[in-house]
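K.L.:
Numbering (the working numbering), first residue to last: 186 to 857. Glycine included, every Cβ here is placed at the ideal spot set by N, Cα and C. Mind looking over this structure? Questions follow.
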């Protein structure tokens, strides 16, 4: 029998819920469109495709002619569709009921649009936990993709990873295809003829061997240098033609291979994602230790043997690392429970769709990818949650004041809510507002992000310069160090206090001291905290009135009281946002200002269609500046505006009563 190998080739296409239309369009023109046009010319080149639901819907609306190519390729048997959670959640961090509804929503979308109900599923970020098996099986999924790294971490020898394995959990079976890391790093980065030659080297006499590739389609046009390499210089055409011309490579579908080949046996995998995720999910200090161990093994030539045992963290570590991600995740879980508790006839598809959007993975994590640092992606999940909560409150009203430590940080949060807004105050020493919702505007104005140490900051501290790739082919985004924006040492200093609303500091005779609150009292819908900073006593009281958050401060000493307010403004430093002072516009949110004896300040966001009116009684010294963080992406290190930081200060001489009001208003077109 002549040698052969089945090429199981799949691509995963995804854009985050809430991504900018211009980013979506650029991705289509540089990647999705030319990829589809190229593979369309080769009807015998079989491939699998997974498009996340939000992206698929956008493409169908905005580029129906290009998507018609997929329809035709499906009809002629060229495409196998893969399912997943519809809005691309990490299945391991949502409840079983939502795993089922997300997977079945995606399957119904594909069956409705392309006449094919999927047998296979893509696991978001290839995050594997055995707990997802029952939901996958119960939703009709027969096999999923994981990395070969997952199997290596279980002690499986690499030479066995040329087919599929079987696993079970709670009596349900799902089969597992190991994606080849060697192929992921060759396609499309190595010259096409080298990639084809490597595939041919995997052929066996039995004809049962599979070369398994399933990875981001964005590598074919969006990653740095790839558009020119893949399309202008013809890599994809050369690769496909090389595969089809090969006497030993058989282009096949996963479903056909799965139907004719036997399982390689039972396998139980540890909780893991791809190897880079293990580094990204660790806190900075631990990630640096991990990176040093990996580099030492590389220098010693032992990395291939040791990599599976040099394992970093797990995806859920992101919820421990980033309090903002954890808060959003736990709020999502509460809303999921509230929706599930409704009578079945009230659990409508539109409510479930809002929950699905709130579960989109991108805004909950960060590495080279992941959108936690991108305000517009966090805003998208919060927008869905705010609207879902508003709708649920109409069906299942809540009390105006409630308590609970929903984020499991050891401090109870107090929820103050009415039909217009909600303020959540964390009962720690800062007693600050960590969530401030406007239901009409579907906005969380407290949705910002603190500066914290990141493991990749070490590259900048060490003075890393632009790095690329030596030799043939092009560099992977994992290997490139670039700077989109100039970064100063001060930009990398972690925050020592939260980026919240109403964080107080006392300036007395000694150095500035944080006001630390202790006792908490609730009466008549108002929330009172009593605090201390050295010998100075400070009180703080929160209340809501229609569209206003009202904060009273009382100080008993001589000195200067300062409160810091961070506000997440959707337009950030874009042209749609501006300050208004006494009817004049001094500038936008990306600029710095200072005003003495100011009573009223207006923040207008024409992108949001709303404004925040701040009133201080008595007038305050007010400073305004943008709060920016430094993060990494495929394109390099970049500075991103997260919030407007307002600092209000008053000189205090004896017992003093202060009052700050924040009102949320629809934007008056006359102010445009």
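By alpha-carbon positions, which one of 224, 731, 808 ends up nearest to residue 774?
P.N.:
The candidate whose alpha carbon is nearest that of residue 774 is 808.
K.L.:
Can you give the Cα-Cα distance for residue 789 and residue 591, rounded to whole angstroms?
P.N.:
The alpha-carbon atoms of residue 789 and residue 591 are separated by roughly 32 angstroms.
K.L.:
Does the beta-carbon of residue 281 have 16 or more other beta-carbons within 10 angstroms, so that it is buried, or is it exposed?
P.N.:
Its Cβ having fewer than 16 others within 10 Å, residue 281 is exposed.
K.L.:
Around the C-beta of residue 739, are 16 or more other C-beta atoms found within 10 angstroms, so that it is buried, or is it exposed?
P.N.:
With 16 or more other Cβ atoms within 10 Å, it is buried.
K.L.:
Can you tell me the Cβ-Cβ gap for residue 838 and residue 743, rounded? I've got them flagged as a contact below 8 angstroms.
P.N.:
Their Cβ separation, rounded to whole angstroms, is 5 angstroms, which keeps residue 838 and residue 743 in contact under 8 angstroms.
K.L.:
Is residue 725 helix, strand or coil when you go by DSSP?
P.N.:
Correct three-state label for residue 725: strand.
K.L.:
Is residue 546 near residue 273, with beta carbons less than 8 angstroms apart?
P.N.:
In contact: residue 546 and residue 273 (Cβ atoms closer than 8 angstroms).
K.L.:
Roughly how many angstroms lie between the CA atoms of residue 577 and residue 747, to the nearest whole one?
P.N.:
Approximately 38 angstroms between the Cα atoms of the pair.
K.L.:
Can you tell me whether DSSP reads residue 681 as helix, strand or coil?
P.N.:
Coil at residue 681, not helix or strand.
K.L.:
Answer yes or no: do residue 543 and residue 517 have a C-beta to C-beta separation smaller than 8 angstroms?
P.N.:
Against a cut-off of 8 angstroms, the Cβ pair of residue 517 and residue 543 comes out as a contact.
K.L.:
How many whole angstroms separate the CB atoms of residue 778 and residue 668, which I take to be in contact at a CB cut-off of 8 angstroms?
P.N.:
About 28 angstroms separates the two Cβ atoms, so there is no contact after all.
K.L.:
Give the single residue among 689, 825, 362, 818 whose Cα lies nearest to the Cα of residue 831.
P.N.:
Comparing Cα positions, the closest option is 689.
K.L.:
Does residue 522 pass the burial test, meaning 16 or more other C-beta atoms within 10 Å, or should it be called exposed?
P.N.:
Exposed.
K.L.:
Output the distance between the C-alpha atoms of residue 316 and residue 781, rounded to the nearest integer angstrom.
P.N.:
One C-alpha to the other measures close to 58 angstroms.
K.L.:
Can you tell me whether residue 499 is helix, strand or coil according to DSSP?
P.N.:
Looking at residue 499 - three-state DSSP - the assignment turns out to be coil, as it is neither helix nor strand.
K.L.:
Spatial neighbours of residue 193 within its chain, please: CB distance less than 8 angstroms, with the 5 preceding and 5 following residues excluded, ordered by chain position.
P.N.:
Cβ within range, chain order: 233, 362, 395, 396, 397, 398, 399, 437, 438, 439, 442.
K.L.:
What separation, rounded to the nearest whole angstrom, lies between the Cα atoms of residue 786 and residue 615?
P.N.:
If you take the alpha carbons of residue 786 and residue 615, they lie about 24 angstroms apart.
K.L.:
Which value, in whole angstroms, describes the spacing of the CA atoms of residue 312 and residue 195?
P.N.:
Taking the straight line joining both Cα atoms gives about 17 angstroms.
K.L.:
On the three-pair Cβ rule with 8 angstroms, is the region 695-715 touching the region 755-775?
P.N.:
These segments do not touch.
K.L.:
As an exercise, report each continuous beta strand (DSSP E) stretch of at least 3 residues that is fully enclosed by the region 214-290, in chain order.
P.N.:
Taking only runs of at least 3 residues, the beta strand (DSSP E) segments lying wholly in the region 214-290 are 232-236, 264-266.
K.L.:
State the DSSP-derived secondary structure class of residue 603, mapped to helix, strand or coil.
P.N.:
It is coil, neither helix nor strand.
K.L.:
List the whole-angstrom C-beta distance separating residue 624 from residue 575, where the pair is believed to meet the contact cut-off of C-beta under 8 angstroms.
P.N.:
Residue 624 to residue 575, Cβ: 5 angstroms. Contact.
K.L.:
Please classify residue 684: is it buried, with 16 or more other beta-carbons within 10 angstroms of its beta-carbon, or exposed?
P.N.:
The residue is buried, with at least 16 neighbouring Cβ atoms inside 10 Å.
K.L.:
In whole angstroms, what is the alpha-carbon distance linking residue 581 and residue 627?
P.N.:
Residue 581 and residue 627: Cα-Cα distance of roughly 19 angstroms.
K.L.:
Tell whether a beta-carbon distance below 8 angstroms holds between residue 374 and residue 454.
P.N.:
Not closer than 8 angstroms, so no.
K.L.:
So residue 369 is in the alpha helix (DSSP H); what residue range does that whole segment cover?
P.N.:
Per DSSP, residue 369 belongs to the alpha helix (DSSP H) from 366-371.
K.L.:
Quick check: is the beta carbon of residue 752 nearer than 8 angstroms to any beta carbon in chain B?
P.N.:
As a matter of chain content, chain B is missing from the structure shown, which is built from one protein chain.
K.L.:
With DSSP as the reference, please indicate the residues paired to residue 611 in a beta bridge.
P.N.:
BP columns for residue 611 point to 598.
K.L.:
Where DSSP assigns a beta bridge to residue 751, which residues make up the other side?
P.N.:
Bridge partners of residue 751: 830.
K.L.:
Smallest Cα separation from residue 712: which of 229, 245, 211, 702?
P.N.:
Nearest of 229, 245, 211, 702 to residue 712, Cα basis: 702.
K.L.:
Rounding to the nearest angstrom, what Cα-Cα distance links residue 735 and residue 515 in this structure?
P.N.:
For residue 735 and residue 515, the distance between alpha carbons rounds to 26 angstroms.
K.L.:
Among 492, 760, 634, which residue has its Cα nearest to the Cα of residue 513?
P.N.:
Of the candidates 492, 760, 634, the one whose C-alpha sits nearest the C-alpha of residue 513 is 634.
K.L.:
If you drop the 5 nearest sequence neighbours on each side, which residues of the same chain put their C-beta closer than 6 angstroms to that of residue 324?
P.N.:
285, 288, 289, listed in sequence order.
K.L.:
Could you have a look at residue 772 and say whether DSSP puts it in helix, strand or coil?
P.N.:
Three-state result, residue 772: strand.
K.L.:
Could you tell me if residue 247 is buried or exposed, where buried requires 16 or more neighbouring beta carbons within 10 angstroms of its beta carbon?
P.N.:
Classification of residue 247: exposed, given that the 10 Å Cβ count is below 16.
K.L.:
According to DSSP, is residue 327 helix, strand or coil?
P.N.:
Looking at residue 327 - three-state DSSP - the assignment turns out to be coil, as it is neither helix nor strand.
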